[in-house]
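Protein chains in written order, with the UniProt record's numbering: chain A, 1 to 478; chain B, 1 to 478.
By construction, the Cβ of each residue, glycine as well, lies at the ideal position given by its N, Cα and C atoms.
Please read the structure below before turning to the comments.
2 protein chains.
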Amino acid sequence: MTAPLPFEKTFPRVEPERLERAFTALTEVLSPGQVRRDEDTRQQYSRDESDSGVFPPDLIVFPESAEQVSAVFKTCQALGVPFTPCGARSGKSGGSLPLRGGVAVSLERMNRIRSISVEDLTAVVEPGVITGDLMKAVEAVGLFYPPDPNSWQFCTMGGNIAENAGGPRALKYGVTRDYVIGLEWVTPTGEILQVGRRTIKGVAGYDLVGLFVGSEGTLGVATEITLQLIPKPKHVMTALIIFDSVLTAARAVSAVLAAGVLPRTLELIDDVALRAVDGKAFHFPAGAGSAVILEVDGNVEEGLLAELAQAGEICERLGATQTLVAQNEEQREKLWSARRGVSTALRTLKPYKLSEDIAVPRSRIPEIIEKLKAMGTELGLMVATYGHAGDGNLHANILYEGPHQRALVETAIRRMLEMTVQMGGTITGEHGVGHAKRDYLAMEQSPAVLELQRRLKTFFDPAGLLNPEKMFPDPKRF
Amino acid sequence: MTAPLPFEKTFPRVEPERLERAFTALTEVLSPGQVRRDEDTRQQYSRDESDSGVFPPDLIVFPESAEQVSAVFKTCQALGVPFTPCGARSGKSGGSLPLRGGVAVSLERMNRIRSISVEDLTAVVEPGVITGDLMKAVEAVGLFYPPDPNSWQFCTMGGNIAENAGGPRALKYGVTRDYVIGLEWVTPTGEILQVGRRTIKGVAGYDLVGLFVGSEGTLGVATEITLQLIPKPKHVMTALIIFDSVLTAARAVSAVLAAGVLPRTLELIDDVALRAVDGKAFHFPAGAGSAVILEVDGNVEEGLLAELAQAGEICERLGATQTLVAQNEEQREKLWSARRGVSTALRTLKPYKLSEDIAVPRSRIPEIIEKLKAMGTELGLMVATYGHAGDGNLHANILYEGPHQRALVETAIRRMLEMTVQMGGTITGEHGVGHAKRDYLAMEQSPAVLELQRRLKTFFDPAGLLNPEKMFPDPKRF
């Protein structure tokens, strides 16, 4: 039997009478301008960047404070209406899609940077703050917020917290979770909690911040986020290293890391992805079969030059054909906009795209790349691989013609995830499980671990109304 | 009313018949050599480094596998006998003390390093591995495990996981939690779970690793730990900077950080602590009123020299009287053994010592130090402050004559913690709540957050038999 792909699935919806009651109640706890149900808005909030389907909410609300978020949650719980939080809807796993309709709770109006402290190296922000706006604001005062999801120019901090967003710089600096020290958190039943701390260190009580970050909007939402920052590195150097094949490039990435060099990014672009993006923001040299973007940072320029030289030598010994070092900020930005543009450029190659973000132990990077290539050839599917090769986190995309190829695509996904898990890898390195990968989580986690998480979800949300049908496979089927 | 200090408290114990049944059952699931109840062993397992009392267990068991740990937990649950895990009993908050007696579950025999992967930058260890042994083993192959609790020469990795141990290097490298990527975990009811991952990145499901690390032996124990490592920095430089007063030193620490320098340690020793430790491992210069140990590391020597010079200039501008740079490994080790010896040396000054490990936002370090001094003077108590000033985590010790000063000491602790919390700080930066700080957690966390955590504990351990009377204040009294 061929399972339906995520975008083909349907879920039970809320009855009209119940929705009408919800509309009335929500306009009472919020102001009328904070509740929408027009068709345009419903369509706008029906999709994200996961390509995993169109699921319009019935109502969309725009709370402006923790108290309003709490009131919305309590209203939905009282009326038995499902509700799903969302930010910029830039997620890659469908975490913000209101699968059963009901109420979409947009945090976008809570978009103030409340404070930045140069002395404490901390910032306090609301969930609707755009990640790039935070980056710029802290860099302006000499601080640095390292996590840089691909969508940093438009994604929001609340979404980053929900998904525990990563990005290229995770290689050296870790992911969102490593920078969140405190949260104001609204639980699924509408309780407002202060968890975590304002200090760099602290171990008072259970690590509820750890539990909530990455809970993908199923255990509540952040209404205020306290972040720790680091001093902004004084120098950054970026090199583009060209290889004639992706396998050679992957081996070089492994060798650079094994030599003890820790760049802030080691991004890989394979032949398919390179052809898709070539000539848009950036022209790759003729004959390029794969490219690696290596970026180092630090406070001492000589140190960076030494690191860059060492990495460059290793790459050349392993078959790099060319190393280009960005000479100024403009060249750096061109390189990065090419890298950021890959996801979008791949859409131009085929009508449909399914993106998996697998991660394997670092030493297995060349092997997984080789196996993905072979699988694509065998199944007759276009496979494009790119991403954060330095930490083993690859975005493997299956490009295809349309729904008639469903069985083939489903086979490819299963094989890809099976080989990943067999290598000690994970089915999601940074995008989350959400809707898109829900049916595959049982390939990685045991029934006991899945059951514990389902029970934890029920512990926080007994009626299961917050962001339903997400993360954990339907126990009736798995 | 004056509350009893932790070491004076008593708790209900298990009836002899039930213990006899437990002894019989445990010798059946383990071998006879793995179960002890002789007086010597009971005394040996009755205390830790928290100075918070003597609580002998009735039985001590030494499981050698996850399956045996599970069998012990299931036996204790079935018979209604409290059980408390322990490692090297080097904890500073009484987390491993069997307050109600019952069974002490020592993980010390599970002490193998199972694997170290240079290619993946990971290691897999059992909980009884001594932290220092792990450090040495990974450094021998060019890798680095940064967390360095003061007791690293004898504490165990399982204990570090339970307490989310910190240490001087946390300033640059973070704490235990930042290096744990996967756990084999035995729940309070004896279920064996594999949580987390073997890859550097991964966001599949809730962050159960995050929830379990730092749960202080109340939500289960780790029977296997997968760690991520980093390449070993090629160079380390250590400087001792002398000040005539602790307040001047604290201001210098803040200024170094505000200038964008991020050393791997910035340790502070105040006048009382300095006098206590002077002349033992190390002779401080005459007239020294306070000392800062500043250590930098990295791969490029010139970079470190530049950082050290910058930090040194800032300190001198702010009143440092002398800067001594360790010229070799022997000198470095002397400095550090002086720092490590402070806790023990303070015991020689007065018969009793209560150590709090408060943390405040970085900018408040000078202020809290000044206030602690003033409080000591006002109450007529000796207060010694030292620790990880760089991240705001200070070990503030109250030294006193004996139980007759109970009321005064209790007043001092409450005032100290109140001023800490008022400054946005936490009552425990790295030692944990355990038994020693249980009664004070309500000063920092709201009733709702405490209640949520109590409910989480009950979710995992419905009968409340694993490590009872820990972390959360008794709801009947708070």
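Item	Value
Contacting residues, own chain, Cβ-Cβ under 7 Å from A:Pro-16 (five flanking each side not counted)	none
Spatially closest choice to B:Lys-232 from A:Ala-258, A:Ala-3 and A:Leu-456, by CA coordinates	A:Ala-258
Which of helix, strand or coil DSSP assigns to A:Cys-86	strand
Cα-Cα separation between A:Phe-11 and A:Arg-100, rounded to whole angstroms	6 Å
Reference A:Val-325, options A:Gly-319, A:Leu-318, A:Gly-312 and A:Arg-197, closest by Cα	A:Gly-312
Residue from B:Thr-348, B:Trp-336 and B:Pro-285 whose Cα sits closest to the Cα of B:Thr-323	B:Pro-285
B:Gly-102 to A:Val-433 span [Cα, whole Å]	42 Å
Those residues which DSSP pairs with B:Tyr-386 across a bridge	B:Ile-269 and B:His-395
Listed by chain order, chain A residues near B:Met-251 by CB distance under 7 Å	Note on residue identity: the sequence assigns Arg, not Met, to residue 251 of chain B. By Cβ distance, chain A contributes nothing, its closest Cβ being about 12 Å from B:Arg-251, past 7 Å.
Contact with chain A by B:Gln-310, beta-carbon distance below 7 Å	no
Residue range of the unbroken beta strand (DSSP E) whose run includes B:Asp-40	Careful: B:Asp-40 lies outside any beta strand (DSSP E), inside the alpha helix (DSSP H) at 39 to 44.
Touching by the beta-carbon criterion (3+ pairs, under 8 Å), the stretch 157 to 166 of chain B and the stretch 194 to 207 of chain B	no
B:Gly-464 versus B:Arg-109 - alpha carbon distance	26 Å
Residue ranges of each alpha helix (DSSP H) within the stretch 237 to 283 of chain B, 4 or longer	246 to 258 and 271 to 277
Close-in-space but distant-in-sequence residues of the same chain around A:Ala-436 (CB under 7 Å, 5 per side omitted)	Pro-6, Ser-50, Ser-52, Ser-93 and Gly-94
Neighbourhood of A:Met-237 by C-beta distance below 6 Å, restricted to the same chain and skipping five residues each side	Val-296, Leu-304 and Leu-308
8 Å CB neighbourhood of B:Val-175 in its chain, flanking five on each side removed	Pro-147, Asn-164, Ala-165, Gly-166, Gly-167 and Glu-430
Span separating the alpha-carbon of A:Arg-18 from that of A:Leu-466	16 Å
Contact between the stretch 81 to 90 of chain B and the stretch 213 to 224 of chain A (3+ Cβ pairs under 8 Å)	no
Distance between B:Asp-474 and A:Met-1 (C-alpha atoms, nearest Å)	Residue confidence is low: A:Met-1 scores 49 on pLDDT, short of 50, so the model does not pin down where it sits. No coordinate-derived value is stated.
Cβ-Cβ distance between A:Val-54 and A:Leu-26 below 7 Å	no
Expected contact under 8 Å - CB spacing of A:Ile-358 and A:Gly-425 to nearest Å	6 Å
Spatially closest choice to A:Ala-22 from A:Ala-71, A:Arg-251, A:Gln-44 and A:Thr-428, by CA coordinates	A:Ala-71
Coil, strand or helix - A:Trp-152 by DSSP	coil
Sheet register partners of A:Pro-231 (DSSP bridge)	A:Leu-143
Residue-chain proximity (B:Met-1, chain A), Cβ-Cβ < 7 Å	With a pLDDT of only 49 at B:Met-1, under 50, the local geometry of the prediction cannot be trusted, and no value is derived from it.
Proximal residues to A:Ala-396 (C-beta, below 7 Å), its chain only, five neighbours per side dropped	Glu-356, Ile-358, Leu-372, Val-383, Thr-385 and Met-416
Buried versus exposed, by CB contacts within 10 Å (16 or more), A:Thr-24	exposed
Beta-carbon contacts of A:Gly-196 that lie in its chain and below 6 Å, excluding the five residues immediately before and after	Ile-181, Gly-182, Leu-183 and Val-209
For A:Ile-358: DSSP bridge partner residues	A:Leu-394
Neighbourhood of residue 482 of chain B by C-beta, 8 Å cutoff - its chain only, sequence neighbours within 5 removed	Nothing about residue 482 of chain B can be read from this structure; chain B reaches only from 1 to 478.
Reduced DSSP secondary structure (H/G/I, E/B, other) of A:Asp-297	strand
Chain A contacts made by the stretch 102 to 133 of chain B, where a contact means CB separation under 9 Å	Ser-117, Val-118, Glu-119, Asp-120, Leu-121 and Thr-122
Residues that A:Lys-470 contacts on chain B, provided the C-beta gap is smaller than 9 Å	Within chain B, no residue comes near A:Lys-470; the closest Cβ sits about 11 Å away, beyond 9 Å.
Continuous beta strand (DSSP E) stretch holding B:Gln-331: start and end	Run containing B:Gln-331: none in the beta strand (DSSP E); it sits in the alpha helix (DSSP H), 329 to 340.
For A:Thr-189, three-class secondary structure by DSSP	coil
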